[in-house]
Structures are given as C-alpha cells and as structure tokens.
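Single-structure report; data block below.
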DNA sequence: TCGTTCACTGTACGTTTGTTCTATAATCTG
DNA sequence: CAGATTATAGAACAAACGTACAGTGAACGA
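Residue numbers (the working numbering), protein chains in the order written: chain R, 230 to 422; chain W, 230 to 422.
Written out as structure tokens, the structure is:
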C-alpha cells in the first residue's frame with residue numbers, strides 16, 4: 230500500500246514490493262495470485278478501513294454527542310483518526326486519482342455520509358438551508374479531499390503539513406471561518422450592466 | 230499529453246504513444262531523446278499554456294474590469310478558458326498528483342495569483358479581511374483544483390460534469406452562495422463545555 | 001512418526017520495455 | 001542539380017517485467 234501510494238501501481242514492480250518486504254517475488258505471487266490480485270487486496274484493505282472508520286465517525290458525530298472537536302466535514306475527521314503518517318491516507322490519493330471500482334465505492338460512501346451530515350445539521354438549525362443540497366454536499370466533500378490530494382503542495386506554500394496537528398488546526402480555523410461567515414461581501418458586482 | 234493524462238506516465242509505453250500517433254517508436258525517441266525527454270516536453274508545453282493563460286486571466290480579472298463572468302476563483306476561470314475537453318486540463322491532474330518540478334511551479338504560480346487576487350478583492354471592499362490570508366488563499370485554490378482532480382467522481386454523484394457549461398454554472402452558484410453567506414450558522418456549538 | 005500442508009526460494013520462460021543501429025525516402029541549401 | 005540535413009522505418013538488443021515451475025525446509029494433524 231505504501232509503495233503503491235507513493236509511486237503509483239504501474240510504477241512499482243513485484244520485485245520492488247518483494248525487496249521492500251524482504252521476501253522473494255515468487256512469494257508475492259504465491260499469496261496474491263498476480264500483481265492485479267495484490268492491488269485488489271490492497272484496495273479491499275483500504276476500503277474496509279476507511280468505510281468502518283467512516284461508519285464510526287458518521288454515527289458518533291452526526292447527532293452532535295461525541296467528544297471530538299468539530300472538523301469542517303467528514304473527511305477531515307477520518308483523516309484525523311488515521312493520523313498524518315498513515316499509509317491509508319496516502320493511498321486514498323492514488324485511489325481517487327486512478328479511479329476504479331474501489332474509488333467509486335469510497336467516494337459514493339463519503340458523499341452519502343456528507344449529504345446525511347448536512348441534512349442533520351440543517352434539521353438542528355446549525356446550517357443554513359440551501360437550494361442545491363447535493364451540489365453543496367459535493368462541494369464540502371471535495372474541499373476536504375483536496376487537503377489529502379494536494380497535501381504536498383499545500384505544505385510547500387504554507388510551510389506546514391495540513392494533515393499534521395498544527396497544520397490541521399490552522400486549516401480548520403480558516404475553513405470554519407469561511408463556512409460560517411463567508412468571504413465575499415453580499416453586494417455582488419453587477420452581472421449584467 | 231492525452232495518454233499521459235489518461236493512464237499516467239509509467240503506464241503508457243513509447244510504443245503506445247507511437248501507435249497512437251501513427252508513427253514508429255524510433256521516431257518518438259529520435260525527436261525527444263528518451264521517454265523522460267518526452268515527458269519533460271509535455272510538462273513544458275502544459276506549463277507554458279497554463280502560465281500564459283493565468284497571466285491573462287489574473288491581469289484582466291483582478292481589477293474587475295474584464296468581461297468574463299465572475300468565477301469562484303482563478304482555477305475555474307482558467308479551466309473555463311481551456312474548455313472541458315482540453316487535454317491540458319486533464320494533464321493538470323496528473324501533474325499535481327505525480328508531483329515534480331513542473332507541478333511545484335504551477336501550484337506556486339496559482340497560489341501567488343490567488344493571494345494577489347484576494348488582496349485585490351479586500352482592497353476594493355469585495356472580500357472580508359481575514360486573519361490568515363495565506364491559508365485562506367490556499368483554501369480557495371485547492372477547492373478550485375478539487376474540481377479538476379475529482380471531476381469524474383463529482384460527475385458520478387451529481388450526474389453532471391462540473392467542467393461542462395451547465396455543470397460549471399451549477400457548481401459556481403453553489404460555491405458563490407457558500408463564499409458569500411457561509412453554511413454554518415454563527416452560534417458555534419460549545420467547544421469546551 | 002509419517003504424510004500433508006504451508007511458507008518460501010531459485011531458476012527459468014516468454015513478453016514487454018526503452019533504446020540503439022542501420023538504412024531509406026524526403027526536404028532543404030547552396 | 002549536388003550535397004547535406006532531416007524525417008522516418010525496421011530490426012535487434014539488453015534489461016526488466018509478470019509469472020510459472022520445481023523444489024526445500026519447517027510446522028502440523030493423524
């Protein structure tokens with residue numbers, strides 16, 4: 230999972246994996262049948278981890294009763310629980326970019342959870358109601374995922390890893406400020422003069 | 230560029246590229262020296278296109294005088310000018326995910342332009358001032374780039390390509406609503422009970 | 001204790017890879 | 001038109017690739 234996440238599946242050879250694990254290439258094939266079989270196993274492991282983590286987070290956090298600090302949205306909370314060094318959070322990037330069935334399942338689950346969370350917040354009067362709820366949920370979700378996808382680039386321009394503890398604090402503060410008060414002032418410039 | 234964007238650099242062979250172009254593999258090597266040389270040439274081409282487009286967009290749009298509809302931020306405007314079917318916008322995804330010098334230059338340029346745009350909006354009273362301007366600029370930027378990075382996944386859950394014309398309209402409406410009025414209501418839940 | 005399973009290795013095979021070499025047509029230059 | 005340069009192809013090569021095969025040693029149930 231680590232090697233796949235770092236270099237991409239096709240850029241890592243079975244020999245690389247075997248050498249990194251300190252075993253022979255034959256053993257990898259023996260256990261997983263083929264490289265594609267290994268990839269599937271890695272996908273399954275990542276998906277299982279993430280979905281169970283998501284179920285915990287969504288169930289405990291949606292009704293506002295749990296004890297974790299309020300993140301901007303779900304993906305942040307999940308990433309927070311994984312920890313910045315986790316191979317899983319690095320593999321999510323590959324998963325989402327390379328596409329495939331596992332990525333679709335994951336994204337759909339995250340989307341559904343975000344829709345549910347948003348509906349809950351609206352019901353409790355914690356969020357403004359909006360016209361286009363699916364689009365709003367998708368917007369919140371991809372904003373969160375962007376931290377994972379562009380982690381290295383963000384680290385480079387801000388000087389702090391947004392998935393580390395201080396980085397997360399700084400990021401969350403900014404995000405909550407925008408999500409609470411907005412950025413643009415109400416008076417739009419004339420669209421049709 | 231198209232093949233690299235679709236499958237990733239290491240998953241495309243020189244023979245694939247040559248066959249797609251209707252020439253021999255030898256010719257590709259003859260012109261670019263090596264596969265890595267071709268990759269560099271593709272990077273250069275993408276970077277040149279994007280940076281010049283960015284210069285146009287930032288220069289014309291920052292002072293509010295140009296005629297294009299207000300996008301949420303810079304990347305949207307750039308993507309809008311490229312068109313949804315452009316190979317360049319697809320290659321940006323690979324560029325940002327695979328990393329490397331070209332990606333760093335591009336992201337830094339986009340970040341700087343976003344910072345400048347935000348400062349301009351603040352100066353003209355169109356944006357609230359914030360405490361952490363770099364973080365805010367990074368947040369706006371990666372939110373925009375997320376559309377490109379997660380385009381396929383967004384299309385799947387919303388039923389419309391966010392880089393197409395109708396998809397862009399729907400997305401922009403949602404984004405502007407959030408950026409203008411926020412989502413969360415002002416009264417935060419108690420953080421330290 | 002014996003036969004069976006299991007984790008594991010070394011070797012080898014066929015394929016694909018990036019690249020080189022040689023050769024030929026086309027195009028430009030003087 | 002002669003000569004040089006360029007565009008292009010085909011064959012071939014060494015390396016790396018995924019994987020199959022045969023075999024070895026340890027663990028384990030009967």
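Every residue gets a Cβ at the ideal spot worked out from N, C-alpha and C, and that includes glycine.
**Message:** Would residue 237 of chain W pass as an interface residue toward chain R - the criterion being a Cβ-Cβ separation below 8 Å?
**Reply:** For residue 237 of chain W, the nearest beta carbon of chain R is closer than 8 Å to its own beta carbon.
**residue 397 of chain R to residue 389 of chain R span [Cα, whole Å]** = Annotation: residue 397 of chain R to residue 389 of chain R spans about 9 Å, alpha carbon to alpha carbon.
**Request:** Can you say whether residue 391 of chain W is buried or exposed, counting buried as having 16 or more other CB atoms within 10 angstroms of its CB?
**Result:** Result: buried.
**Request:** Could you give the DSSP three-state label for residue 313 of chain R: helix, strand or coil?
**Result:** In the structure shown, residue 313 of chain R sits in coil (DSSP, three-state: anything other than H, G, I, E or B).
**Asked** With DSSP run on the structure shown, which of helix, strand or coil describes residue 407 of chain W?
**Response** Of the three classes helix, strand and coil, the one that applies to residue 407 of chain W here is helix, per DSSP.
**Distance, residue 237 of chain W Cα to residue 382 of chain R Cα** = Roughly 19 Å between the two C-alpha positions.
**Request:** Report the option in W:275, W:335, W:268 and W:232 whose CA atom is closest to the CA atom of residue 303 of chain W.
**Result:** Closest option to residue 303 of chain W, Cα to Cα, is W:335.
**Short-range partners of chain R found in the region 354–372 of chain W, where Cβ spacing is below 9 Å** = Cβ contacts with chain R: 354, 355, 356, 357, 359, 360, 361, 363, 364, 365, 366, 367, 368, 369, 370, 371 and 372.
**Message:** I need the boundaries of the alpha helix (DSSP H) containing residue 378 of chain R, first residue and last residue.
**Reply:** Residue range 362–378 is occupied by the alpha helix (DSSP H) that includes residue 378 of chain R.
**Prompt:** Roughly how many whole angstroms lie between the Cα atoms of residue 412 of chain R and residue 323 of chain R?
**Reply:** In a straight line, the C-alpha of residue 412 of chain R is about 32 Å away from that of residue 323 of chain R.
**Exposure label - residue 372 of chain W; buried when at least 16 CB within 10 Å** = Here residue 372 of chain W is buried. Its C-beta has 16 or more other C-beta atoms within 10 Å.
**Asked** Got a sec: is the Cβ-Cβ distance from residue 292 of chain R to anything in chain W below 8 Å?
**Response** For residue 292 of chain R, the predicted model reports a pLDDT of 44, less than 50, meaning its position is unreliable; a value from the coordinates is still stated below. Chain W contact via Cβ: absent.
**Message:** Please classify residue 290 of chain R as buried or exposed, where buried requires at least 16 neighbouring CB atoms within 10 angstroms.
**Reply:** Note that residue 290 of chain R has pLDDT 48, beneath the 50 cutoff, so the model's placement of it is unreliable and no number is given.
**Message:** Here's a check: name, in chain order, each residue in its chain whose Cβ is nearer than 8 Å to the Cβ of residue 271 of chain W, leaving out the five neighbours to either side.
**Reply:** Cβ neighbours of residue 271 of chain W beyond the five flanking positions: 230, 233 and 320.
**Prompt:** Candidates R:386, R:347, R:242 and R:375: which alpha carbon is nearest residue 414 of chain W's?
**Reply:** Of R:386, R:347, R:242 and R:375, the residue nearest in Cα terms is R:347.
**Prompt:** List, in order along the chain, the chain W residues whose C-beta lies closer than 7 Å to that of residue 406 of chain R?
**Reply:** Listed along the chain, the chain W residues whose CB falls inside 7 Å of the CB of residue 406 of chain R are 359.
**Message:** For a contact defined as C-beta to C-beta under 8 Å, what are the partners of residue 333 of chain W on chain R?
**Reply:** Chain-order list of chain R residues neighbouring residue 333 of chain W: 382 and 385, by C-beta distance under 8 Å.
**Request:** Using alpha carbons as the reference points, say which of R:354, R:378, R:338 and R:387 lies closest to residue 366 of chain R.
**Result:** For residue 366 of chain R, the nearest C-alpha among the options comes from R:338.
**Extent of the continuous alpha helix (DSSP H) run through residue 344 of chain W** = 330–352 is the extent of the alpha helix (DSSP H) around residue 344 of chain W.
**Prompt:** Can you find at least 3 beta carbon pairs, one from the region 302–317 of chain W and one from the region 262–270 of chain W, that sit closer than 8 Å?
**Reply:** Flag = no, the region 302–317 of chain W and the region 262–270 of chain W do not touch.
**Prompt:** Tell me the DSSP bridge mates of residue 413 of chain R?
**Reply:** In DSSP, residue 413 of chain R forms a bridge with W:356.
**Asked** In or out: residue 277 of chain R buried (at least 16 other Cβ within 10 Å) or exposed?
**Response** In summary, residue 277 of chain R is exposed, with fewer than 16 beta-carbon neighbours lying within 10 Å of its beta-carbon over all protein chains present.
**Prompt:** Does the distance from the CB of residue 340 of chain R to the CB of residue 403 of chain W come in under 8 Å?
**Reply:** Not closer than 8 Å, so no.
**Prompt:** Which runs of the beta strand (DSSP E) spanning at least 3 residues fall entirely within the region 261–292 of chain R, listed in chain order?
**Reply:** With a minimum length of 3 residues, no continuous beta strand (DSSP E) run stays inside the region 261–292 of chain R.
**Request:** Going by CA-CA distance only, name the one from R:273, R:259, R:379 and R:406 that's closest to residue 327 of chain W.
**Result:** Comparing Cα positions, the closest option is R:379.
**Asked** Buried or exposed: where does residue 252 of chain W fall if 16 or more other Cβ atoms within 10 Å of its Cβ makes it buried?
**Response** Around the beta carbon of residue 252 of chain W, fewer than 16 other beta carbons lie within 10 angstroms, which makes this residue exposed.
**Prompt:** Do residue 315 of chain W and residue 377 of chain W have their C-beta atoms within less than 8 Å of each other?
**Reply:** No. Outside cutoff.
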